[in-house]
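Enquirer: To convert a position in the sequence shown, counted from 1, into UniProt numbering, add 72. Glycine included, C-beta positions come from ideal geometry on N, C-alpha and C.
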Amino acid sequence: TLPPATPMPATVPCQYRTGKTLGSGTYAIVKEAIHVETGNHFACKVINKRLMEGREHMVRNEIAVLKRVSSGHRNIVTLHDYFETAHNLYLCFDLCTGGELFDRICAKGNYYEGDAASLIRTIFVAVQYIHNSGIVHRDLKPENLLFRTTDEDADIMIADFGLSRVMEEEKLNKLTEICGTPGYMAPEIFKKTGHGKPVDVWAMGVITYFLLAGYTPFDRDSQQQEMEAIIAGDYKFEPEEYWQNVSDTAKDFVKTCLTVDPSKRPTAAEALQHKWLADDKPHFVPDP
Ligand code: ADP
Ligand code: MG
73 TLPPATPMPA TVPCQYRTGK TLGSGTYAIV KEAIHVETGN HFACKVINKR LMEGREHMVR
133 NEIAVLKRVS SGHRNIVTLH DYFETAHNLY LCFDLCTGGE LFDRICAKGN YYEGDAASLI
193 RTIFVAVQYI HNSGIVHRDL KPENLLFRTT DEDADIMIAD FGLSRVMEEE KLNKLTEICG
253 TPGYMAPEIF KKTGHGKPVD VWAMGVITYF LLAGYTPFDR DSQQQEMEAI IAGDYKFEPE
313 EYWQNVSDTA KDFVKTCLTV DPSKRPTAAE ALQHKWLADD KPHFVPDP
């Protein structure tokens, strides 16, 4: 059985009415929820306690991390409320109505380079904030990046801190458990040599590649081959037809993020200094 939630739940679920399913992931179903009293809409992550048995600490961890980062940055989903019943844990987030970056990439095929650069810059600034708060996300991927609204230029939001870890400085790079989504996992995770913040920079490299090409760099026939390709850093900017309109600066940015040796990989702050991100001017500068 699960220890009581700390602190005591602020509300009870009957104050919310759940609606359509917004998405689902590894451990949870996320449903639209309407706060009965105010009529406000939220996204409610429903976690089945029985399925989580033995891993309850992951949810407690997710709550702790969200409390630390979620209201501090415009591009991180805000945890609004949480509570539990006998069977479920509920995390109530501000609703992002614009859907996953994953679906937008799939719908568009790929992003124009300028749009990709400005999205990646925004996400990297938020990643830098997360890292400066002593947290590693560990599950950055287009399914966990959500648009706040359906607008074309809606804010992008980092979601799903379920695998994130708070890292004490002295324990930095000491995480060894294998976790994440294979295609976005850094080589050092598979090598079990210890990992930390650099895994998020690697994942950003994979996401950038996906944004530019419409497919991911380490996709192979089996998970074993995929893992071997990641450990070897074996990927190409091919087929040519998908990359001919992409600048060398963008390719160099991807290459830098996908540095196999984590100690040589740029930090989030360094990645933001890369020419591809640093040079981009706003498309439209309003008159003073
Ligand atoms: P899991 O840990 O199971 O992957 P997530 O937190 O990633 O759970 O949520 C699963 C999916 O639910 C997301 O990929 C997204 O599609 C949807 N989702 C999560 N949070 C929100 C939100 N605040 N607003 C809208 N949809 C959300
Ligand atoms: Mg997820």
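Taking the alpha-carbon of V118 as reference, which of T222, G97, G95, N160 has the nearest alpha-carbon?
Expert: Position 46 of the sequence shown, counting from 1, holds the residue named residue 118. Minimum Cα distance to V118 is reached at N160.
Enquirer: Would you say the beta carbon of D232 comes nearer than 7 Å to a heavy atom of the ligand MG?
Expert: Position 160 of the sequence shown holds residue 232. Yes, the beta carbon of D232 sits closer than 7 Å to at least one heavy atom of the ligand MG.
Enquirer: Report the CB separation of Y314 from G286 in whole angstroms; it is logged as a contact under 8 Å.
Expert: Position 242 of the sequence shown, counted from the first residue, corresponds to residue 314. Position 214 of the sequence shown, counted from the first residue, corresponds to residue 286. About 7 Å separates the CB atoms of Y314 and G286; that is less than 8 Å, so the two are in contact.
Enquirer: Say whether the stretch 218–226 touches the stretch 297–314, bearing in mind that this needs 3 or more beta-carbon pairs closer than 8 Å, one atom from each stretch.
Expert: no
Enquirer: Closer than 7 Å to a non-hydrogen atom of the ligand ADP - does that hold for the CB of N147?
Expert: Translated into the one-based positions of the sequence shown, residue 147 becomes position 75. The answer is no for N147.
Enquirer: Three-state secondary structure (DSSP) at I106?
Expert: In the sequence shown, the residue the question calls residue 106 occupies position 34. Three-state DSSP puts I106 in a strand.
Enquirer: Have a look at D187, L167, Y281 and flag the residue whose alpha-carbon is nearest the alpha-carbon of I230.
Expert: As a working mapping, residue 230 is identified with position 158 in the sequence shown. It is L167.
Enquirer: Distance, Cα to Cα, R210 vs V137?
Expert: Sequence index remark: in the sequence shown, residue 210 carries index 138 (1-based). Sequence index remark: in the sequence shown, residue 137 carries index 65 (1-based). Roughly 13 Å between the two C-alpha positions.
Enquirer: Using only the alpha-carbon positions, how far apart do F309 and F325 sit?
Expert: Along the sequence shown, read from residue 1 onward, the residue named residue 309 stands at position 237. Along the sequence shown, read from residue 1 onward, the residue named residue 325 stands at position 253. Whole-angstrom Cα-Cα distance: 12 Å.
Enquirer: Going residue by residue through the stretch 234–304, where are the continuous alpha helix (DSSP H) segments of at least 4 residues, counting only ones entirely within it?
Expert: Within the stretch 234–304, the complete alpha helix (DSSP H) runs of at least 4 residues are 259–263, 270–285, 295–304.
Enquirer: I think V197 touches P259, with their Cβ atoms under 8 Å apart; what is that distance to the nearest whole Å?
Expert: Numbered from its first residue, the sequence shown carries residue 197 at position 125. Numbered from its first residue, the sequence shown carries residue 259 at position 187. For a cut-off of 8 Å, the C-beta gap from V197 to P259 is around 25 Å, too long to register as a contact.
Enquirer: Give every residue of the same chain whose Cβ lies closer than 6 Å to the Cβ of K92, excluding the five residues on either side of it in the sequence, and list them in chain order.
Expert: Walking along the sequence shown from the start, residue 92 turns up at place 20. So the list reads E104, once near-sequence residues are dropped.
Enquirer: Within 7 Å: the Cβ of H86 and any heavy atom of the ligand ADP?
Expert: Here residue 86 refers to the residue found at position 14 of the sequence shown. At residue 86 the sequence reads Cys, which differs from the His that was named. No, the ligand ADP has no heavy atom inside 7 Å of this Cβ.
Enquirer: Which term fits D291, buried or exposed, when burial requires 16 or more other beta carbons within 10 angstroms of its beta carbon?
Expert: Stepping through the sequence shown from its first residue, residue 291 is reached at position 219. Classification of D291: exposed, given that the 10 Å Cβ count is below 16.
Enquirer: Between W274, L212, K121, which has its C-alpha nearest F155's C-alpha?
Expert: One-based indexing of the sequence shown puts residue 155 at position 83. Per the Cα distances, K121.
Enquirer: Under a three-way DSSP split, which group does H203 fall into?
Expert: As a working mapping, residue 203 is identified with position 131 in the sequence shown. Here H203 sits in helix by DSSP.
Enquirer: Tell me, to the nearest whole angstrom, how far the beta carbon of Y162 is from that of C116; I am working on the premise that it is less than 8 Å.
Expert: Reading the sequence shown from its first residue, position 90 is the one you call residue 162. Reading the sequence shown from its first residue, position 44 is the one you call residue 116. Contact between Y162 and C116 holds, with the beta-carbon distance rounding to 6 Å and staying under 8 Å.
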